[in-house]
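Number of protein chains: 2
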Amino acid sequence: MTQERPYAQTLTRLREAGLRPTRQRLALGRMLFEGGDRHVTAEALHEEAQKAGVSVSLATVYNTLHQFTEADLLREVVVDSSRTYFDTNIDDHHHFFIENDGALMDIAGDEITIANLPKAPDGTDIARVDVIVRLHSRPRS
Amino acid sequence: MTQERPYAQTLTRLREAGLRPTRQRLALGRMLFEGGDRHVTAEALHEEAQKAGVSVSLATVYNTLHQFTEADLLREVVVDSSRTYFDTNIDDHHHFFIENDGALMDIAGDEITIANLPKAPDGTDIARVDVIVRLHSRPRS
DNA sequence: TCAATAGTTTAGAGCGATTCTAAAGTTAAG
DNA sequence: CTTAACTTTAGAATCGCTCTAAACTATTGA
Chain S
14 MTQERPYAQT LTRLREAGLR PTRQRLALGR MLFEGGDRHV TAEALHEEAQ KAGVSVSLAT
74 VYNTLHQFTE ADLLREVVVD SSRTYFDTNI DDHHHFFIEN DGALMDIAGD EITIANLPKA
134 PDGTDIARVD VIVRLHSRPR S
Chain C
14 MTQERPYAQT LTRLREAGLR PTRQRLALGR MLFEGGDRHV TAEALHEEAQ KAGVSVSLAT
74 VYNTLHQFTE ADLLREVVVD SSRTYFDTNI DDHHHFFIEN DGALMDIAGD EITIANLPKA
134 PDGTDIARVD VIVRLHSRPR S
């Protein structure tokens, strides 16, 4: 048990990010940050909240995910042109993406080595390098 | 001049892909495949066609881009969650993406070395590895 | 403790990209 | 030419997401 006061912890995170700890943000924050790395879509998180009996509008879920991202509590992952994923792991790392079922999995930053990266074109700076390993799941035999 | 009968060339490509060479597909095919590597969105290609005096509906542009992709004449590039890009370069390669203006540029496959790629999780196969180097363009001084 | 104020949430309208539908138009084959 | 199979198209529909403006809530300071 490394987390003894999870509520307080999320509360602190929000405060540090300059976000008022509202009922909605606390609830979403706890769902996201307690219990390890997660990859969620707005729809999925909204549904999860509903099921947990937390009443939050979809608009608020979107707002919150963006505010958290802005505050570096989350990171956006672009792997699918039809929906946006948010990742609770904000360390440098990459992803496996199973195209069949939309599942995302982290690949630790040091598990992949990228060498010979060409330098950025004039007038631009590298903001980030994303590696996405696209997978197809084999049907179970 | 390496292309002397571009019309015929596109025609052949379509035939080989099992797609009837209709006026629309020929026109779009020529816009895409003559004149080097291109990155287009459906909207942009549609507009380009209109300006060139080629009458094609947006629905057909979408259909065609997907059929071409299906036939391995194009490749879809996922870099922006708000629109889909199609790339005429179907070789193994990666991308620079300038987030400010939505510009995409190829990085030849052999210009980047990826080492220590972890093996795909059980039950899955690697379909492709995409590297996206996200750039921010510095404002001109 | 209680306003006043600033920041939040929300329902529902709005939007932009993409897909669907089904009717009209084309191409390929014989 | 006919016919059958395939294509195109306009417009409606859908989907994920954002916007708006009104209702709510946290914070601040008297």
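Note that the protein sequences, when read in sequence, are chains S and C.
Residue numbering for the first sequence is 14 to 154, as defined by the numbering used here.
Residue numbering for the second sequence is 14 to 154, as defined by the numbering used here.
Ideal Cβ positions, reconstructed from N, Cα and C, are used throughout, including at glycine.
Keep in mind it's a predicted model, so treat the numbers as computed, not measured.
By the CB criterion at 9 Å, aspartate 100 of chain S and histidine 52 of chain S fall inside the cutoff.
Residue contact with chain S for glutamate 29 of chain C: absent (no Cβ-Cβ distance below 9 Å to any residue of chain S).
The C-alpha of lysine 64 of chain C lies about 20 Å from the C-alpha of asparagine 76 of chain C.
Isoleucine 111 of chain S is positioned such that its CB atom lies no closer than 9 Å to that of leucine 130 of chain C. Taking C-beta separations shorter than 8 Å and ignoring five residues to either side along the sequence, the partners of glycine 122 of chain S in its chain run Asp104, Asp105, His106, His107, following chain order. Arginine 147 of chain C places its beta carbon less than 9 Å from that of alanine 140 of chain S.
In this structure, proline 134 of chain S lies away from phenylalanine 81 of chain C, with their beta-carbon atoms at least 9 Å apart. By the neighbour-count definition (other C-beta atoms within 10 Å, threshold 16), arginine 36 of chain C is an exposed residue.
Spatial neighbours of histidine 59 of chain S in its own chain (CB-CB distance under 6 Å, excluding positions within 5 residues in sequence) are listed in chain order as Leu71, Val74. The alpha-carbon of alanine 116 of chain S is positioned some 37 Å away from that of alanine 62 of chain C. Taking the Cβ atoms as the reference, aspartate 114 of chain S lies roughly 16 Å from valine 91 of chain C, outside the contact range of under 8 Å. Against chain S, a Cβ distance below 8 Å from isoleucine 125 of chain C picks out Ile127, Ala128, Asn129, Leu130, Pro131. Going by beta carbons, arginine 96 of chain S and glycine 136 of chain C fall outside the 9 Å limit. With 16 or more other CB atoms across the displayed protein chains lying within 10 angstroms of its CB, aspartate 143 of chain S is buried. The continuous stretches of beta strand (DSSP E) do not include threonine 73 of chain S, which lies in the alpha helix (DSSP H) extending over residues 71-83.
In the three-state reduction of the DSSP assignment, alanine 133 of chain C falls in the coil class. Here alanine 55 of chain S is buried: its Cβ has 16 or more other Cβ atoms, across all protein chains shown, within 10 Å. Cβ neighbours of proline 34 of chain S within its own chain (closer than 6 Å, five residues either side excluded): Leu24, Leu27. Pairing leucine 41 of chain S with valine 67 of chain S gives a Cβ-Cβ distance under 9 Å. Counting only the Cα atoms, isoleucine 120 of chain S lies some 12 Å from aspartate 50 of chain S.
Within the segment 32-71 of chain C, complete alpha helix (DSSP H) segments of at least 4 residues are found at 36-46, 55-64, given in chain order.
Rounded to the nearest whole angstrom, the CA to CA distance from histidine 149 of chain C to glycine 31 of chain C is 41 Å. Linking lysine 132 of chain S to arginine 153 of chain S through their CA atoms gives a straight-line distance of about 43 Å.
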